[in-house]
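Notes follow the structure.
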Amino acid sequence: MSDNYDDVKVIHYTDDDIREGNQHMLDGIGCTWEQLKAQAADGCFESEDARDVWLVISSFEPVAT
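Here the sequence shown is numbered in our numbering, starting from 2 and rising by one per residue.
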């Protein structure tokens with residue numbers, strides 16, 4: 002194996018870590034997970050930040066909140 006990656010650190014996050022991070026982002030935009038899902042379903046986000054948060058946390062939906 003190459004020595005090029007000796008300084009790379011891998012961080013493993015638990016489901017609880019993901020939930021905490023997702024909740025922090027939801028708190029930052031002032032809505033709940035259910036409200037954000039409804040905005041996504043309608044295709045009408047309340048803000049660009051809400052859309053950005055959706056793009057990030059929707060990929061974690063099984064452990065989103």
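We treat Cβ as the ideally placed atom computed from N, Cα and C, and that holds for glycine.
Check	Outcome
From 5, 4, 45 and 37, residue whose alpha carbon lies closest to that of residue 54	37
Three-state secondary structure assigned by DSSP to residue 35	helix
Burial state of residue 56, where buried means 16 or more other Cβ atoms lie within 10 Å	exposed
When 61, 30, 44 and 58 are compared against residue 50, the one with the closest alpha-carbon	30
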